[in-house]
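Visitor:
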Amino acid sequence: MIELIYVSKAQSRFSEAELKAMLVQFRKNNKSKGITGLMLYDGYGTFIQVLEGDKQKVQSLYQLISKDPRHTRVNLLGESQIDKRSFPDWKMGFKNLADFPIINLDGYSDFLVQTDRSDYLEQKPSFALELMNYFRKNQATDLDKG
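Its first residue numbered 1, the sequence shown is counted upward by one per residue in UniProt numbering.
1) What does the Cβ neighbour count give for Ser32, buried or exposed, with the cut at 16 atoms within 10 Å?
2) Can you grab the Cα-Cα spacing for the pair Gln81 / Arg70, in whole Å?
3) Taking the continuous beta strand (DSSP E) assigned at Phe14, which residues delimit it?
4) When the Cα atoms are used, what is the spatial distance from Ser12 to Ser60?
5) Using a 10 Å radius around the Cβ and a threshold of 16 neighbouring Cβ atoms, would you call Tyr62 buried or exposed?
6) By the 10 Å Cβ neighbour count, where 16 or more other Cβ atoms means buried, how is Leu76 classified, buried or exposed?
7) Mind listing, in chain order, the continuous beta strand (DSSP E) runs of no fewer than 3 residues lying wholly within the stretch 42–75?
8) Could you tell me which of Ile2, Met1, Ser8 sits nearest to Gln49, measuring between CA atoms?
9) Under DSSP, the beta strand (DSSP E) around Lys9 begins and ends at which residues?
10) Have a look at Ile35 and Gln56 and give me their C-alpha separation to the nearest angstrom.
11) Can you tell me whether Ser86 is helix, strand or coil according to DSSP?
12) Is the distance from the Cβ of Phe87 to the Cβ of Leu40 below 7 Å?
13) Comparing alpha-carbon positions, which option in Leu64, Gly53, Lys67, Arg73 lies nearest Phe47?
14) Given a cut-off of 7 Å on the beta-carbon distance, is the pair Leu2 and Val58 in contact?
What follows is the structure, encoded as structure tokens:
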């Protein structure tokens, strides 16, 4: 079993209705493949997502995501073998961060505002998992767990 984390930039911003419609489909697909995880959206077109599950299924899904024309780019932050899921009951947890105070945390804006250079990601490779764990532990009450 693996955990895969990526960040992507959408071609355009998504409305709340568009996000909800996409989540319905994502959750249905993930459930059928035994994939769990969490997706965060900054309200401006940037997503960060962790996917957990069978290595082949997660990698196959990531390949589909990376070829999705709704993205301008998809950057793999990390992939690692795991013994236990961090999001075992979540087909796809989701949080829209547009008006959320974590945006003011040190490092957050630099992390989500992607450039063509990956210097920031090389300096702080574990920030993605720290961000996901923050939401799993502290925001479970208002997080849409799917």
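Heads up, the beta-carbon is just placed ideally off N, CA and C, and yes, glycines get one too.
Guide: From the atom records:
1) Reading the sequence shown from its first residue, position 32 is the one you call residue 32. Under this definition Ser32 is an exposed residue.
2) As a position in the sequence shown, residue 81 is number 81, starting the count at 1. As a position in the sequence shown, residue 70 is number 70, starting the count at 1. Cα to Cα, the separation comes out at about 29 Å.
3) Along the sequence shown, read from residue 1 onward, the residue named residue 14 stands at position 14. That residue, Phe14, is in no beta strand (DSSP E); it is neither H nor E in DSSP.
4) On the sequence shown, residue 12 is found 12 positions in, with the first residue counted as 1. On the sequence shown, residue 60 is found 60 positions in, with the first residue counted as 1. Roughly 24 Å between the two C-alpha positions.
5) The residue you call residue 62 lines up with position 62 of the sequence shown. With 16 or more other Cβ atoms within 10 Å, it is buried.
6) As a first step, residue 76 must be located in the sequence shown, where it is residue number 76. Leu76 is exposed by the Cβ-count criterion.
7) 46–53
8) Locating residue 49 in the sequence shown gives position 49, where the first residue counts as 1. When each option's Cα is compared against that of Gln49, the closest is Ser8.
9) Residue 9 sits at position 9 when you count from the first residue of the sequence shown. First-last of the beta strand (DSSP E) with Lys9: 2–10.
10) Looking up residue 35 in the sequence shown gives position 35. Looking up residue 56 in the sequence shown gives position 56. C-alpha separation (whole angstroms): 11 Å.
11) On the sequence shown, residue 86 is found 86 positions in, with the first residue counted as 1. Coil.
12) Translated into the one-based positions of the sequence shown, residue 87 becomes position 87. Translated into the one-based positions of the sequence shown, residue 40 becomes position 40. Their beta carbons are not under 7 Å apart, which means Phe87 does not touch Leu40 by this criterion.
13) Along the sequence shown, read from residue 1 onward, the residue named residue 47 stands at position 47. With distances taken between Cα atoms, Phe47 lies closest to Arg73.
14) Position 2 of the sequence shown, counting from 1, holds the residue named residue 2. Position 58 of the sequence shown, counting from 1, holds the residue named residue 58. The amino acid at residue 2 is misidentified as Leu; the sequence shows Ile. Yes; because the gap between Cβ atoms is below 7 Å, this pair is in contact.
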